[in-house]
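Note that the numbering used here has the sequence shown beginning at 3, numbered continuously upward. Below you'll find the structure, written out as structure tokens, and then a few comments.
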Amino acid sequence: MKKTIDYVIDNTKNLDQNLIEKIVEQSFSGQKYCKEFEDSVFDLYNKVIGFEGIKLGGVGNTEPDSLFWYRASNDDDSYGLIVDAKAYSKGFRINTNSSRQMNDYIYKFVNKLQDEYKINRSHYHWVSSKYIGNGDIEDFAENVKNMYFFESRGSIVSISNALLIADRIQTHRDFKKLESLMAIQREILQKDIEMLF
3 MKKTIDYVID NTKNLDQNLI EKIVEQSFSG QKYCKEFEDS VFDLYNKVIG FEGIKLGGVG
63 NTEPDSLFWY RASNDDDSYG LIVDAKAYSK GFRINTNSSR QMNDYIYKFV NKLQDEYKIN
123 RSHYHWVSSK YIGNGDIEDF AENVKNMYFF ESRGSIVSIS NALLIADRIQ THRDFKKLES
183 LMAIQREILQ KDIEMLF
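Okay, structure coming up:
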């Protein structure tokens, strides 16, 4: 965990060190600070990155943790995110349960974003301490592509790279580029962030 904190501090210019330490520690806490991590991810995406959003379910609920959206002047550039934060001490992999959960979220909340917020395109997005899967995000993306009549793409990101995104968006406010990361269909890596911002 200290290595992750040092990595983020060394690679960011626009984020408060206390924020970095708090959210990284929460992400590795497991169940102990799971709710706090969900709240911190909401604040990071809403207050720091700049998405509009609402907090939903959380621990043990049948709703994603948060819904976010970016509303552009041109509706074609607007998009939403269905976000599930996972505080796992040893990292997160997409298993049958988390896959089923996210599929349920996509099915229910793509419509909610469309009906209530007029967002016609939405992506699923996991945030965790670190991603330890071996191709399971790509398998999930393929299943989603074949499952729905609408297009829903998505991603998974480690908290360290979510913080790098939050840092870079402060100086390069380009939500269209950001969407290409959020819809990358795999783990978002540091090199992806560096190429875009």
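By construction, the Cβ of each residue, glycine as well, lies at the ideal position given by its N, Cα and C atoms. If you're wondering where the values come from, they're calculated on a predicted model, not measured in any experiment.
How about D86 and W128: are their beta carbons less than 8 Å apart? One-based indexing of the sequence shown puts residue 86 at position 84. One-based indexing of the sequence shown puts residue 128 at position 126. Result yes, Cβ atoms of D86 and W128 sit closer than 8 Å.
What residue range does the beta strand (DSSP E) around I121 cover? Against the sequence shown, residue 121 aligns to sequence position 119. From DSSP, I121 is part of no beta strand (DSSP E); its letter is neither H nor E.
The beta strand (DSSP E) that contains V246, what's its start and end? Shown here, the chain extends from 3 to 199; a query on residue 246 therefore has no answer.
Is G82 helix, strand or coil when you go by DSSP? Working through the sequence shown from its first residue, we reach residue 82 at position 80. Under the three-state reduction of DSSP, G82 is assigned to strand.
For the putative contact between S68 and F39, defined by C-beta atoms under 8 Å, what is the C-beta separation to the nearest angstrom? By 1-based counting over the sequence shown, the position of residue 68 is 66. By 1-based counting over the sequence shown, the position of residue 39 is 37. So it is not a contact: roughly 12 Å between Cβ atoms.
Below 8 Å on the Cβ atoms is my guess for I2 versus I96; work out the distance and round it to an integer in Å. Beyond the ends of the chain as shown, which are 3 and 199, falls residue 2; an answer cannot be given.
By the 10 Å Cβ neighbour count, where 16 or more other Cβ atoms means buried, how is Q192 classified, buried or exposed? The residue given as residue 192 occupies position 190 in the sequence shown. It is exposed - the Cβ of Q192 has fewer than 16 other Cβ atoms within 10 Å.
So I22 is in the alpha helix (DSSP H); what residue range does that whole segment cover? Your numbering for residue 22 matches position 20 in the sequence shown. 19 to 29 is the span of the alpha helix (DSSP H), which, as asked, contains I22.
Host beta strand (DSSP E) of E54 (start-end): By one-based count along the sequence shown, residue 54 stands at place 52. That run of the beta strand (DSSP E) goes 54 to 57.
Rounded to a whole number of angstroms, what is the C-alpha to C-alpha distance between E54 and Y72? Within the sequence shown, numbered from 1, the residue matching residue 54 stands at position 52. Within the sequence shown, numbered from 1, the residue matching residue 72 stands at position 70. Roughly 6 Å between the two C-alpha positions.
Same chain, Cβ closer than 8 Å to G93, neighbours up to 5 away in sequence not counted: Start at 1 with the first residue of the sequence shown, and residue 93 comes out as number 91. Excluding positions up to five away in sequence, the list reads S130, S131, K132, Y133, I134.
Within 10 angstroms of its Cβ, does D169 collect 16 or more other Cβ (buried), or is it exposed? Position 167 of the sequence shown, counting from 1, holds the residue named residue 169. Buried, because 16 or more other Cβ atoms sit within 10 Å of the Cβ of D169.
If you draw a straight line from the alpha carbon of S182 to that of I84, how long is it in whole angstroms? If you number the sequence shown from 1, residue 182 lands on position 180. If you number the sequence shown from 1, residue 84 lands on position 82. If I take the Cα positions, the gap works out to 15 Å.
Following the continuous alpha helix (DSSP H) through F39, name the residue where it begins and the one where it ends. Numbered from 1 along the sequence shown, position 37 holds the residue referred to as residue 39. That run of the alpha helix (DSSP H) goes 36 to 45.
Given a threshold of 16 other Cβ atoms within 10 Å of its Cβ, counted over all protein chains shown, does Y81 qualify as buried or as exposed? As a position in the sequence shown, residue 81 is number 79, starting the count at 1. Buried is the call here.
Helix, strand or coil, according to DSSP, for S100 in the structure here? Taking the first residue of the sequence shown as position 1, residue 100 is located at position 98. Helix at S100.
Beta-carbon separation (whole angstroms), V159 vs E189, contact threshold 8 Å: Counting from one through the sequence shown, the residue named residue 159 turns up at place 157. Counting from one through the sequence shown, the residue named residue 189 turns up at place 187. Rounded, the Cβ-Cβ distance is 7 Å, consistent with contact.
From K88 to D77, what does the alpha carbon distance come to, in whole angstroms? Position 86 of the sequence shown holds residue 88. Position 75 of the sequence shown holds residue 77. Taking the straight line from one Cα to the other gives about 31 Å.
Reference S154, options Y126, N136, F142, closest by Cα: Position 152 of the sequence shown, counting from 1, holds the residue named residue 154. Ranked by how close their Cα comes to the Cα of S154, the residues Y126, N136, F142 have Y126 in first place.
Selection from S91, Q33, N16 that minimises the alpha carbon distance to T6: As a working note, residue 6 is residue 4 in the sequence shown. Per the Cα distances, S91.
Any idea what DSSP makes of I186, helix, strand or coil? For the purposes of this step, residue 186 is identified with residue 184 of the sequence shown, where counting begins at 1. Reduced to three states, the DSSP call for I186 is coil.
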